[in-house]
Structure formats: structure tokens, C-alpha cells
Amino acid sequence: MKRREFVFAGVTAAGTAACALSAVQTATLPTVPDRAHERPWFAVIFDERFAPAHAFAQAAAWRGHKVFGYDGDLTAVWQREIEPHWSRRAGALAGMSTAPGLFCLEQLAAQHWLRVVTRSEQRAGAGAPLISWVIA
Amino acid sequence: MRVPPNVSAADYAKALAEFEQVIGKDWVFTSDEDLDLYRDAFSPFLNEPEEKIASGALAPVSTEQVQQIVRIANKYRIPLYPISTGKNLGYGGSAPAYSGSVVLDLKRMNRIIEVNEQHAFALVEPGVSYFDLYRHIQEHKLKVWIDCPDPGWGSVMGNALDRGGGYTSANYRNHFDSHCGMEIVLPDGELLRTGMGAIPNAQTWQQYKSGCGPWIDGIFSQSNYGVVTKMGFWLMPEPEAFQRCTVSVPRYQDLMPLVQILNFVENSRITSGFPDIESPLLGYPPVGQVQLWNETGPPKMSAEHLQLMAGTKLGFSPEIEAYGARAGIPYWRLWLSFHGPEEVIQAQWHAAQRHFARIDGAKFAIVDQVKLPVDAQQATKYHEPELGVPSLRAFSIGARTPWTPTPSKGHMWFSPIIPRTGAAIIEANRVFSEAAKSLGMPLFTTFTLPACFWERSFIFILATPVTEDPKTNRRYREGFKKLIEVGGQHGWGEYRTAPVFQKSVMDVYSFNNHALQRFHATLKDAIDPNGILSAGRYDIWPKHLRGKT
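Residue numbers (my numbering), protein chains in the order written: chain X, 1 to 136; chain D, 1001 to 1549.
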């Protein structure tokens, strides 16, 4: 099986939920274009320093996703959740983070031939803009 | 489909078919979508046609596959560009030095072949990251430390071959120096082992570096003479304790004896941890606290202090010195760290204080005393790499914050090596700040302090920003090259640089009509006559491209 087909084929319970939720119009979860709809999200991560990211995570959790917060430092969530998963198999990851956080994940995702398939900037008051995104 | 330069589309298609036979179709990449993953995220050619890009990428999983790939590449003259994981952002990333080359991506070769606790070494493949090695050590409860850069996402081998550095003890901070033994696929597909590894069934490949006869390991770093497929590293036995202390001194001129004594205590192994110099009076942070400053903001300063700072010349004015004395703010603060048994650390710290006490008014403080081991979570209270723990926290650097309202789109590291003296620090500030000002490059604020990775020299690191504006980037690139030239005129050369600047940097190493570069070319012609490996890396070109790019 080809690497990318593997990503598309692995529709699990979480994936079904992801497909279902992408059909639901919500203000807090990213709308995922094109074939990324088909990809299950194995987890949703969020920068817990920001209130909008909390709301994003709550919406994702309500829809049955595994949700992991981090405090600006991605090290622990990378080591415990993301890297072990991507080492075993490719899988889509969604989240809301600052630009440097997404940049870091984007570079790490490339190690597994995964890329950012959607990104949407959201203003979080006067501070840094937050980005909701999907890597697949 | 992209095609490498000087290769016909027909030959490239045949080569790709043969590569697929060797490594499987899934691991031969030719689509723009896949090849975009190999772009340099910090390319100084952002949004410009000159950006260096790959024509293809190959991801073998074994040394045997690498051997077969280079043989096919020779047959069709395909330029290859091996990378381990390509995470050296600011120094080129995974984009090839010769645009259009096919990236030989070794990240699937990620076996940790051995971690030997008794002899404190590891033998790894190119795709093993610092995180991988750290996790392996933790999972197997081995009492050894890695030494990692910051961030720790890159390849252990790749960082060493690029001659990167870390933050623990002096014996391990220079990552190339701390390697022991290599396995290399030569450009013709021959397999070579260096040091004791040249003995079949070697018993001490990772215990004795040089073997017998010429020691050739160095020519495989920052070069294009072979594909390193295994590499040994010495590891630090897990210390019992860690202690971080400071030496604060009040006057500008104290920088001279401060560095001089640092050299003595470090070269005598009175201290061996990562030394770090800051200036509280000039608002310049120690390397180990840059992240903290980025996260929480720099220490608050009074309006008077800020005004006096702006009025300094080369970081000095009598007024700010007097203000520092009045307000109890040191001009310089040296951070020293110690690893080992507590009683040894106390004796070392005691001896260090005795030496630094020669500076009138020197003050001493113990900042952290840590009983080891600590886990990754506990390590977050400190600058993790100084405890041998890899981290991604560096990505707070560059974040948009109230104190960094317009972060750049990346940076190019300008990093000349300068002498380890206080006078050289001031002279480098004078030379480079004047040059940067005349070139319109925003590199200096008040004063810049060097990094102390190496024991015998400083790296004077400046981050040249990459912007979204090609015109500005062009000006910065030209300015960067001019700074390299200016450094060369003062006897200073870069320790490492991105491909776009490698020619300029190597031109500085010009003793005796570029004898060193001519020797590199002679080696290239002998070892890689078809010029298939990393053409142009550190300005080493194969004969058919020499002088033509």
C-alpha cells in the first residue's frame, strides 16, 4: 500500500467522527478542504495559554477527539503523543497554535512526509494571532 | 516533473526506474507536493526564482540501498544531495547546495545500533534524532547523557557532520570532536569504515578514534566525499549532580580578566559545563535564558537605565557604569555550570571563586543545585539541553510577543569564530556593528556577546533576518557576504554556513593562493570523479561544474 493511500484508508472510529464533524459547520473547528476530509484526525492539540484555543479544544473533545494541550512548549506533547503515533503510521493531526508552534510542527511533520493541508488565522485580541490547522 | 541539471529527461526517467527497483516506488519522490517538503524553510531566497530546490528525493532504508543508489547515480550522472534529517535551519535545511540535485534522504535509516553504558558510547544511523536517542536511553534506563543542540529535533549524526555544538560538558559539546568511528559509502558505492572499524570484527570501533595511519574522518564533515551511514559517539556518564553559579563583575574593563580567568578554569577542568556570558547592565541575555526572555519578556529597566543604554558606545559609557554601580547592576555576569559528584562540584566551585576573586568587586552566587537524574518534565525548570534533555522550547524564539512585535520569517546565522578574549569581543562588536550599520543591516542593538560552545574560541553569532520582501532579502544577502569579507580581513572565518554563502566563506580561507580549496578539489576529483555527491557543498565542485556556477 502506498504511503498516502495508507493515510486515506485508515478510517477508524475517530476518523469517522472527524468526517462527521467536518460536515458540521462550526465556528471553532477548521473547515478542511479537499481530500483532507477523508483523513482521520488521531488527535487535536491546542496552545492552552489562549482562551480561543481552549474553546477549540472543547469543541473537538465534545466531538470525540483525543485532545492534548501544551503551554507553548511542544516538547512533551511531541514526545508522548505525536511522534510515537507518526512513527507507527501516518495520520492527520489538527490543532490551534501560534505561528511558531505550527512552524515547529510543520517541520516535524515533514519528517514523516506529512504537510499542512489547511490553515486559518484567527485573531486573539491584541496578542499573537492563533492559527487553526490540519496536518495530513 | 523536475529534472536535475545536465541530465536528460530520458536518462532521469531510467534512473528513477532503477531507484524504484532498489528502494520501492513509495520512497522515490518526484511530485512538487512531496519535493516542497525539502525546501529550506529559512531560505534567504524566499519567494525568489534562485531558491535552491530538489528535483527528486530518495529515501533508502539501508546501507546496501545507499550503495546501489550511488552506483545508479554514477551510471546516469545524477547529482545527489545526502541529508540526515535536514533540520539545520539557518544553515541551509534540507535544500541542496546545487539546485536541482536529488535529495538522498536518510531519515528512514534510524536504527540505534548500540548504546553501551559501560563504555559510554552510542552507534547510530543518520536518521536517529536527539529525541530518538534520548528516548532509547530513558526507556532502557541507561545511565548516560546525550549532548544536544537547541532545538533537539535534528539528527545526532547530521549535527555532528555539520560540526554543531551542544550544552553539557566540554568533552561532549563539540559534536564532531565527540564522535568515534564512521561507516561511509564512497561515491563509487564502496563501503569504508574508519578508525578501529577498519579491522574486521573490531572490538574498539567506538573506543579509539584514529586507528592507525592517516585519520580521515574530518574530510567527511562539511564536505561531499561520501555518505556517512553509521557513526559512533561518546556519551557522558550520567552525573550525580548539576550546579549552576554566577560570577558578577561591576566594570566594563572587567570583561578582559573575566574571559581570561574563564579560559583558565575551563582549560584546567575546574569547570567544564557550558559557560555563558550576559550583561545585565546592557540588557544582553545569556544564551541559556534567551527562551525565558522570549517567553516572559526581558527584565524590567528604569527609564534612566534605558536612556543610558542607548547612549553607550561599544557598550560603554562612564555614566552607565556609574549607574550600574549605584543600582547594584553588574556590567557582566558569567554563568558557570558543573556536573559530577556534589563534593567534587563544591571543590570546583570553591576553586573557581578563588580565581575569579582576583577581579575587584566580583560577586558569586549559586543559582541552581540539582540532584540527578531528573526527568524531562523536571528539566523544564532549567535550560533543558544543559541537562542533556532535548527540547523544542526554542520555538518561543521568533514568536510574536509584545517585546518582539514583528518576528522575522527566519534567519541566516552569521557565525564567525573569534579569539576567546574580552578584547576580541569588543573588537568584533566594533568591526561588525560599523559594517552592519553601513550596510543597513539590523543586527546590533547595544552590544553583542559571543557563545561559548567551544573551549578555545568564541562564536560571535548574529541572526540575519529573512523577510517576505525579496528586495530586502537581496540587500541582506549582499550584506551578509560583505560581513564575511570584513571578518576575513580581520582574520575571522565562519565555522559553518548555509549553501548560498559557502563560496564566500571558503574564499576567506585563502592562505597561499587558496591551497586548502585546491586540495579539496584534488580530493573531489580523486574520490568522486563523476561529481555525483553534494556538488558545491562548501564550494567543493566536481570538475565539470568548477567555475561554471
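C-beta atoms are modelled at their ideal positions from N, C-alpha and C, and glycine is treated no differently.
What residue from the options has the CA that sits closest to residue i's CA?
i: D:Gly1024; options: D:Ile1069, D:Leu1523, D:Asp1360; result: D:Ile1069
i: D:Gln1346; options: D:Ala1428, D:Ile1270, D:Asn1174; result: D:Ile1270
i: D:Gly1273; options: D:Val1228, D:His1383, D:Asn1047; result: D:His1383
i: D:Lys1363; options: D:Ile1329, D:Glu1342, D:Val1370; result: D:Ile1329
i: D:Ala1365; options: D:Gly1164, D:Ser1248, D:Val1500; result: D:Ser1248
i: D:Pro1529; options: D:Lys1075, D:Asn1047, D:Ala1202; result: D:Lys1075
i: D:Thr1194; options: D:Lys1230, D:Pro1465, D:Val1003, D:Glu1434; result: D:Lys1230
i: D:Leu1523; options: D:Asn1263, D:Asn1224, D:Gly1488; result: D:Asn1224
i: D:Gly1232; options: D:Leu1142, D:Pro1250, D:Gln1207; result: D:Gln1207
i: D:His1136; options: D:Ile1113, D:Gln1253, D:Ala1327, D:Trp1541; result: D:Ile1113
i: D:Pro1149; options: D:Gly1218, D:Asn1294, D:Glu1386; result: D:Glu1386
i: D:Pro1250; options: D:Arg1326, D:Gln1377, D:Ser1129; result: D:Arg1326
i: D:Thr1380; options: D:Pro1465, D:Arg1173, D:Gln1291; result: D:Gln1291
i: D:Ala1322; options: D:Glu1304, D:Gln1118, D:Phe1414, D:Trp1413; result: D:Glu1304
i: X:Ala101; options: X:Ala90, X:Ala92, X:Arg89, X:Trp78; result: The amino acid at residue 101 of chain X is misidentified as Ala; the sequence shows Gly. Nearest of X:Ala90, X:Ala92, X:Arg89, X:Trp78 to X:Gly101, Cα basis: X:Trp78.
i: D:Trp1413; options: D:Met1109, D:Asp1132, D:Pro1465, D:Asn1512; result: D:Pro1465
i: D:Trp1205; options: D:Asn1116, D:Glu1033, D:Lys1371, D:Tyr1252; result: D:Asn1116
Are the C-beta of residue i and some C-beta of chain B separated by less than 8 Å?
i: D:Asp1034; result: The structure shown contains no chain B; its protein chains are X and D.
So, for residue i: in the same chain, excluding its five sequence neighbours on each side, which residues have a beta-carbon less than 6 Å away from its beta-carbon?
i: D:Tyr1134; result: Ile1146, Pro1390
i: X:Trp86; result: His112
i: X:Met96; result: Phe46, Ala53, Phe56, Leu130, Ser132
i: D:Phe1176; result: Ala1160, Arg1163, Ser1221
i: X:Glu121; result: Pro129, Ile131
i: D:Ser1279; result: Trp1332
i: X:Arg119; result: Ile131, Trp133
i: X:Ala36; result: A caution first: X:Ala36 carries a pLDDT of 49, below 50, which makes its placement in the model unreliable, though a value can still be read off. Once the five neighbours on either side are set aside, the close Cβ partners of X:Ala36 are Val117, Val134, Ala136.
Once the 5 residues before and after residue i are set aside, which same chain residues still bring their CB inside 7 Å of it?
i: D:Glu1455; result: Ala1170, Glu1266, Asn1267
i: D:Ala1202; result: Met1196
i: D:Ala1013; result: none
i: D:Thr1085; result: Lys1107, Gly1127, Ser1129, Gly1154, Ser1155, Gly1158
Going by DSSP, name the residue or residues bridged to residue i.
i: D:Thr1464; result: D:Met1412
i: X:Val117; result: Bridge partners of X:Val117: none, in fact.
i: D:Lys1363; result: D:Ser1248
i: D:Trp1457; result: The residue you asked about is not Trp; residue 1457 of chain D is Ser in the sequence shown. DSSP output for D:Ser1457 lists D:Pro1419 as bridge partner(s).
i: D:His1339; result: D:Phe1242
i: D:Trp1234; result: D:Phe1121
i: D:Ala1451; result: D:Ile1459
i: D:Phe1316; result: D:Lys1313
Below 8 Å CB to CB, which residues in the same chain sit around residue i once its five sequence neighbours on both sides are set aside?
i: D:Gln1065; result: Val1022, Ile1023
i: D:Leu1392; result: Pro1151, Gly1152, Trp1153
i: D:Val1508; result: Ile1484, Glu1485, Gly1487, Gly1488, Gly1493, Glu1494
From residue i to residue j, what distance separates their C-alpha atoms?
i: D:Ser1062; j: D:Lys1107; result: 10 Å
i: D:Arg1354; j: D:Pro1275; result: 17 Å
i: D:Glu1494; j: X:Asp71; result: 36 Å
i: D:Arg1475; j: D:Arg1039; result: 22 Å
i: X:Ala23; j: X:Ala94; result: Any reading at X:Ala23 must be qualified, since the residue scores a pLDDT of 29, below 50, and its modelled position is unreliable; the value itself is stated next. When rounded, the distance between both Cα atoms is 15 Å.
i: D:Leu1483; j: X:Arg49; result: 40 Å
i: D:Ala1526; j: D:Asp1188; result: 11 Å
i: D:Ser1239; j: D:Lys1548; result: In the sequence as presented, Ser is not what sits at residue 1239 of chain D; that position holds Pro. Cα to Cα, the separation comes out at about 53 Å.
i: D:Leu1306; j: D:Ser1043; result: 35 Å
i: X:Leu21; j: X:Arg63; result: With a pLDDT of only 35 at X:Leu21, under the threshold of 50, the placement of this residue in the model should not be trusted, and no figure is reported.
i: D:Pro1200; j: D:Ile1083; result: 28 Å
i: D:Lys1543; j: D:Ala1535; result: 10 Å
i: D:Pro1499; j: D:Lys1437; result: 25 Å
i: D:Ile1277; j: D:Trp1027; result: 46 Å
i: D:Trp1215; j: D:Ser1055; result: 35 Å
i: D:Gly1181; j: D:Asp1217; result: 8 Å
i: D:Ala1451; j: D:Val1228; result: 29 Å
i: D:Ser1337; j: D:Ser1457; result: 18 Å
i: D:Val1505; j: D:Ala1435; result: 17 Å
Return the Cβ separation of residue i and residue j in integer angstroms, given the expectation that the two are a contact with Cβ distance under 8 Å.
i: D:Arg1550; j: D:Val1007; result: Chain D is shown from 1001 up to 1549; residue 1550 of chain D falls before or after that span and cannot be answered.
i: D:Val1124; j: D:Pro1237; result: Between D:Pro1237 and D:Val1124 the Cβ distance is about 18 Å, and since that is not below 8 Å, they are no contact.
i: D:Leu1443; j: D:Leu1462; result: 5 Å
i: D:Ala1097; j: D:Gln1502; result: 7 Å
i: D:Leu1104; j: D:Ala1041; result: Not a contact, Cβ separation roughly 20 Å.
i: D:Gly1100; j: D:Pro1004; result: 5 Å
i: D:Lys1409; j: D:Glu1468; result: 6 Å
i: X:Ala110; j: D:Leu1058; result: That pair is no contact at about 16 Å.
i: D:Trp1335; j: D:Thr1246; result: 6 Å
i: D:Ile1359; j: D:Leu1258; result: 7 Å
i: D:Gly1311; j: D:Ser1317; result: 6 Å
i: D:Gly1315; j: D:Phe1460; result: About 14 Å; that fails the 8 Å criterion.
i: D:Ile1532; j: D:Leu1255; result: Not really, about 49 Å apart at Cβ, beyond 8 Å.
i: X:Arg39; j: X:Ala92; result: 4 Å
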